[in-house]
Structures are given as structure tokens and as C-alpha cells.
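**Student:**
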Amino acid sequence: MSRSRLGFGIVGTGMIASVIADSIATSPNAELAAVSSRRIDSAKNFVATRPGVAAVQGHAVLLGRPDVAAVYIATPTIAKEDIALAAIAAGKHVLVDKPFINHGSLSRITKAASSKGVAFMDATHFVHHPRTTAIKTALTEKVGIPRSLHTTFYFPFSERTNIRFDVKAEPMGAIGDMAWYSMRAIVEYLRPTGHITKVVTVAERDPDTTAAVRASGLIAFDSGEVSTFDVGYTAGTVLMDLQLLGTKGVVAMDDFVLDWTNSFAFKHRDIATGYSHRTGLATRKDLAFVSTPSDVTGDAAMIKAFAELTASEHRYRQIDWMASSLKTQEYLDAIWAAAAP
């Protein structure tokens, strides 16, 4: 294990764990040391095409390895807190897949990380993409004061044997899986300064599993900002639309979660990455497209940013990352509570 690279261990062997393993493999400042699963065969199958990566059974064995300095936790939501707290107690930095079981659970994780002096980050990819930084930098000029945000995030998905339909392992279903990104977009782009004043959520539930498979709603703040959202598995296509309205203009994207150009899900090099801008009396033909090209995927940029965060000279950023995670979960908890039957 190179001393200049952060040694990672991954807990979990699902699809997203594979995505992160691939990102670590291409990272200039991280490398994968080991992968754990409750079933050793799953771990062995996962590392079969990853030379030099160890397969271990159970996260306790992973946490005992000296070549593992950081842990990516890609388990069902119900198990994340216990594993994260165990990793922190072992002195490991933690990168945890979203969402969390609730704000209280996330708060316990972040407090433990702060007390132990290790890095914490939630694994939301799009916030690390250069486009996100570009939009936030241009907000004052192109949007003015953000007042309203609408997001839509759908993936067609109906496999009831999948863990997304298991209400014990993933209590929030599509709301936790998909609306997390809508709530994070509020944190990143709308940036309300006030408290929540109103929440409305209308949820559709699967008749067999009772899992939430779709939700539409609104969340408003006493500082004047309002966000509407529409998420789920039932649209029959992929939708990733975002529209941010402000006092000067509007910026919009149709791929705000995973860009069409270069993400783990899409590799359409003929589709430019960026966002559209509209102001004044502009018609459809007057829309301006602002290109924000990037050679790295959002998940790869996240791994690099997390590895930097673990270095002491960059730890000052920790407070901001934790605050963003906690706000996102606060908003998610609010819309989930409003979705109760």
C-alpha cells in the first residue's frame, strides 16, 4: 500500500460498491485494500477481477486491517450507523452512502467522527462535479437571489425482490433513495437561510411490499424559499431535471444527478455537460447553454475530495461537509414524516 494514497476498505458488494471500487482504482490519491461482506463468497466474487484486493468476511475483520485507513459503507440504510460508529471507533475515516436512517442517527455519526478526529463525508456524487461548483460560482450573476427550486428524479425500477422494496432494510424506499438528491439540491443551490415552515408530501406505495415507490411534494422556508420535488421509480424513463429560479434568471439541467456525458451510468460523449440559462424575455431559441466540461466523473471527484479531507491540512472543510449532510437529512426527514399514511 502506497503511503501517498489513502487505503480504502469497502463494506458491501452491491452495484454502488462496484462503482466506488472502480473510482478508487483510477484515483491519484486512494487505493482499494479490502472488501468485506457477510458472505465470504460474495466478497471473493467482488474482488475476483481486482488484483491485490483482499476479500474478508464481516466488517469487523475489515476494520482490523492496518492497510485500511478509510471505509466506504455501502450497506442497507438500517445497518449504516452501527458500522460507521464501529469504523470511527477503530480510527477509520468514513465515507457513507446515502441516506441515513434519520437525522439523529447521522448526528451521532458526525459527532463521533469529530470526537475521534477522523473524516466523515456522505457519498453524494453530484456535489463534487465541476458543474456544481461552476453554477454556485455563477449564482449571483445568473440567478440573483435564489427563490424557487424544482427537481425531478426518476429511474424506471420495479424489481420487488430488490432491497429498495424491503421496508425493514430501506424504510424510506424511493423517498430515501431518490429524494435525497432533491433535498441536497436545496442545500447546494437554493440555500435557504430559514427554518422549514411547510411540508407537503404525497406518496405512492407498492401494494405488495408497502414500500414508497413515488413521491411528489413541496417544502417551504420562513426565509421565503420554496422547493418542489417529484421522485420515484414509476415514470417509465429516467428523469433528472432541475430548475433554479431567482431574481435575475433561471438555470436548468436535465441531468443534475448523473451527467449524460461522463458518469458511471451514462457515457454519451456527444452530449455536452453544462446547464442552460434564461433571463429577461428570452424565448426557447434564446436559451444560453453554459458548458462545464470535466474529464472526471462525479464519483471519482468525490473519492479525490474525500482523500484530501482525510489529510490534516484539509480538515477545516469537515464542518461544512457535515453541515451539508445534516441539512440534507433534516429536509429528507421532514418530507418523509409528511408522507406518513
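Just remember that my numbering sits 210 ahead of the position in the sequence shown, which is counted from 1.
Just so you know, even glycine gets a beta-carbon here, dropped at the ideal spot from N, CA and C.
Quantities reported herein were computed from a predicted structural model and do not represent experimental measurements.
Please state if the CB of His339 and the CB of Ser504 are separated by a distance shorter than 8 Å.
**Tutor:** Numbered from its first residue, the sequence shown carries residue 504 at position 294. Numbered from its first residue, the sequence shown carries residue 339 at position 129. It is a contact, given that the beta carbons lie within the stated cut-off.
**Student:** If distances are taken between C-alpha atoms only, which option among Ile250, Ala280, Thr223, Met225 comes closest to Asn239?
**Tutor:** Translated into positions along the sequence shown, residue 239 becomes position 29. Checking every option, the nearest Cα to that of Asn239 belongs to Ala280.
**Student:** DSSP state of Thr362, grouped into three classes?
**Tutor:** Taking the sequence shown and counting its residues from 1, one reaches residue 362 at position 152. Three-state result, Thr362: strand.
**Student:** My assumption, with CB atoms under 8 Å, is that Ala344 sits in contact with Thr502. Please give the rounded CB distance.
**Tutor:** Taking the first residue of the sequence shown as position 1, residue 344 is located at position 134. Taking the first residue of the sequence shown as position 1, residue 502 is located at position 292. About 4 Å; that satisfies the 8 Å criterion.
**Student:** I need the straight-line Cα distance from Arg341 to Val448, nearest angstrom please.
**Tutor:** Counting from 1 along the sequence shown, the entry for residue 341 is found at position 131. Counting from 1 along the sequence shown, the entry for residue 448 is found at position 238. When rounded, the distance between both Cα atoms is 20 Å.
**Student:** Under the rule that 16 or more other beta-carbon atoms within 10 Å means buried, what is Ala422, buried or exposed?
**Tutor:** The sequence position of residue 422 within the sequence shown is 212, counting from 1. Classification for Ala422: buried.
**Student:** Per DSSP, which one or two residues make a beta bridge with Ser332?
**Tutor:** As a working note, residue 332 is residue 122 in the sequence shown. A small fix is needed here, since residue 332 is Asp in this sequence, not Ser. Per DSSP, Val306.
**Student:** Should Asp509 go down as buried or exposed, given a rule of 16 or more other Cβ atoms within 10 Å for buried?
**Tutor:** The residue you call residue 509 lines up with position 299 of the sequence shown. Buried, since its Cβ has 16 or more Cβ neighbours within 10 Å.
**Student:** Express the C-alpha separation of Ser368 and Met450 in angstroms, rounding to a whole number.
**Tutor:** Taking the first residue of the sequence shown as position 1, residue 450 is located at position 240. Taking the first residue of the sequence shown as position 1, residue 368 is located at position 158. Met450 and Ser368: Cα-Cα distance of roughly 18 Å.
**Student:** Name the DSSP bridge partner or partners of Ile220?
**Tutor:** Mapped onto the sequence shown, residue 220 falls at position 10. Val245, Tyr282.
**Student:** Roughly how many whole angstroms lie between the Cα atoms of Val257 and Thr457?
**Tutor:** Position 47 of the sequence shown, counted from the first residue, corresponds to residue 257. Position 247 of the sequence shown, counted from the first residue, corresponds to residue 457. Cα to Cα, the separation comes out at about 51 Å.
**Student:** Should Met532 go down as buried or exposed, given a rule of 16 or more other Cβ atoms within 10 Å for buried?
**Tutor:** Position 322 of the sequence shown, counted from the first residue, corresponds to residue 532. Result: buried.
**Student:** Got a sec? Which residues, its chain only, sit under 7 Å from Lys352 by beta carbon, not counting five neighbours each side?
**Tutor:** Translated into the one-based positions of the sequence shown, residue 352 becomes position 142. Answer for Lys352: Lys458, Gly459, Val461, His487, listed in chain order.
**Student:** Would the beta-carbon of Glu241 fall within 8 Å of that of Gly222?
**Tutor:** Taking the first residue of the sequence shown as 1, we reach residue 241 at position 31. Taking the first residue of the sequence shown as 1, we reach residue 222 at position 12. No, the pair does not count as a contact, with Cβ atoms beyond the cut-off.
**Student:** As a quick exercise: from Val397, Val467, Ala235, Pro551, pick the residue whose alpha carbon is nearest that of Leu536.
**Tutor:** Numbered from its first residue, the sequence shown carries residue 536 at position 326. Of the listed residues, the one whose Cα sits closest to Leu536 is Val397.
**Student:** Secondary structure at Tyr443, three-state DSSP: helix, strand or coil?
**Tutor:** One-based indexing of the sequence shown puts residue 443 at position 233. Correct three-state label for Tyr443: coil.
**Student:** With distance defined between alpha-carbon atoms, name the residue in Ile298, Val337, Ser315 nearest to Ser324.
**Tutor:** Within the sequence shown, numbered from 1, the residue matching residue 324 stands at position 114. The residue with the shortest Cα to Cα distance from Ser324 is Ile298.
**Student:** Assign Ser212 to one of three DSSP states: helix, strand, or coil.
**Tutor:** Counting from one through the sequence shown, the residue named residue 212 turns up at place 2. Only weak support exists for where Ser212 lies, its pLDDT of 48 falling under 50; the value from the coordinates is given anyway. In this structure, Ser212 counts as coil in the three-state DSSP scheme.
**Student:** Compute the distance between the beta-carbons of Phe310 and Val467, then report whether it is under 8 Å.
**Tutor:** By 1-based counting over the sequence shown, the position of residue 310 is 100. By 1-based counting over the sequence shown, the position of residue 467 is 257. Taking 8 Å as the Cβ cut-off, Phe310 and Val467 do not qualify as a contacting pair.
**Student:** Consult DSSP for Lys326 and reduce its assignment to one of helix, strand or coil.
**Tutor:** Numbered from 1 along the sequence shown, position 116 holds the residue referred to as residue 326. Correct three-state label for Lys326: helix.
**Student:** Does the Cβ-Cβ distance between Asp307 and Ala333 come in under 8 Å?
**Tutor:** For the purposes of this step, residue 307 is taken as the residue at position 97 of the sequence shown. For the purposes of this step, residue 333 is taken as the residue at position 123 of the sequence shown. Yes, these two residues count as a Cβ contact at 8 Å.
**Student:** Quick one: what's got a C-beta closer than 8 Å to Thr287's C-beta in the same chain, skipping five residues either side?
**Tutor:** Counted from its first residue, the sequence shown places residue 287 at position 77. Excluding positions up to five away in sequence, the list reads Pro309, Phe310, Ile311, Ala379, Glu380, Pro381, Met382, Gly386.
**Student:** Can you list, in chain order, the residues of its chain whose CB lies under 7 Å from that of Ile234, leaving out five sequence neighbours each side?
**Tutor:** For this step, residue 234 is matched to residue 24 along the sequence shown. Contacts found: Phe218, Ala240, Glu241, Leu242, Ile513.
**Student:** Relative to the C-alpha of Lys326, which residue among Ala294, Val229, Arg357 is closest?
**Tutor:** Walking along the sequence shown from the start, residue 326 turns up at place 116. Of the candidates Ala294, Val229, Arg357, the one whose C-alpha sits nearest the C-alpha of Lys326 is Ala294.
**Student:** Say whether the segment 537 to 545 touches the segment 392 to 412, bearing in mind that this needs 3 or more beta-carbon pairs closer than 8 Å, one atom from each stretch.
**Tutor:** A contact exists between the segment 537 to 545 and the segment 392 to 412.
**Student:** Straight-line CA distance for Ala413 to Ala475?
**Tutor:** Position 203 of the sequence shown holds residue 413. Position 265 of the sequence shown holds residue 475. Taking the straight line from one Cα to the other gives about 26 Å.
**Student:** Please list the terminal residues of the continuous beta strand (DSSP E) segment that includes Asp451.
**Tutor:** The residue you call residue 451 lines up with position 241 of the sequence shown. Here the beta strand (DSSP E) through Asp451 covers 449 to 456.
**Student:** Which residue comes first and which comes last in the alpha helix (DSSP H) that contains Leu542?
**Tutor:** Your numbering for residue 542 matches position 332 in the sequence shown. Leu542 -> alpha helix (DSSP H) spans 528 to 548.
**Student:** Check this for me: beta carbons of Arg318 and Glu291, under 8 Å apart or not?
**Tutor:** Position 108 of the sequence shown holds residue 318. Position 81 of the sequence shown holds residue 291. In this structure, Glu291 lies closer than 8 Å to Arg318 by Cβ.
**Student:** Can you tell me which of Ala244, Ile529, Glu518 puts its alpha carbon nearest to the alpha carbon of Ala265?
**Tutor:** For the purposes of this step, residue 265 is identified with residue 55 of the sequence shown, where counting begins at 1. Ranking the options by Cα distance to Ala265, first place goes to Ala244.
**Student:** Please report the residue range of the alpha helix (DSSP H) in which His405 lies.
**Tutor:** As a position in the sequence shown, residue 405 is number 195, starting the count at 1. Run containing His405: none; DSSP gives neither H nor E here.
**Student:** Compare the C-alpha of Gln267 against each of Gly274, Gly354, Ala253, Pro276 and name the closest.
**Tutor:** By 1-based counting over the sequence shown, the position of residue 267 is 57. Out of Gly274, Gly354, Ala253, Pro276, Ala253 has the C-alpha closest to the C-alpha of Gln267.
**Student:** Taking the alpha-carbon positions, what's the Ile429 to Arg370 distance?
**Tutor:** As a position in the sequence shown, residue 429 is number 219, starting the count at 1. As a position in the sequence shown, residue 370 is number 160, starting the count at 1. The straight-line gap from Cα to Cα measures roughly 29 Å.
**Student:** What residue range is occupied by the uninterrupted alpha helix (DSSP H) comprising Arg394?
**Tutor:** To locate residue 394, count along the sequence shown from 1; it is residue 184. First-last of the alpha helix (DSSP H) with Arg394: 383 to 395.
**Student:** Can you find the residues in the same chain that come closer than 7 Å, C-beta to C-beta, to Met211, ignoring five residues on each side of it along the sequence?
**Tutor:** Counting from 1 along the sequence shown, the entry for residue 211 is found at position 1. Caution is warranted here: a pLDDT of 47 is assigned to Met211, below 50, making its placement in the model unreliable, and the coordinate value is therefore given only provisionally. Excluding sequence neighbours, Met211 sits near Gly217, Glu241, Ala243, Asp277.
**Student:** Please list, in chain order, all residues of the same chain as Ala227 whose beta carbon is under 6 Å from its beta carbon, the five residues on each side excluded.
**Tutor:** In the sequence shown, residue 227 corresponds to position 17, counting from 1. Contacts found: Ile220, Ala284.
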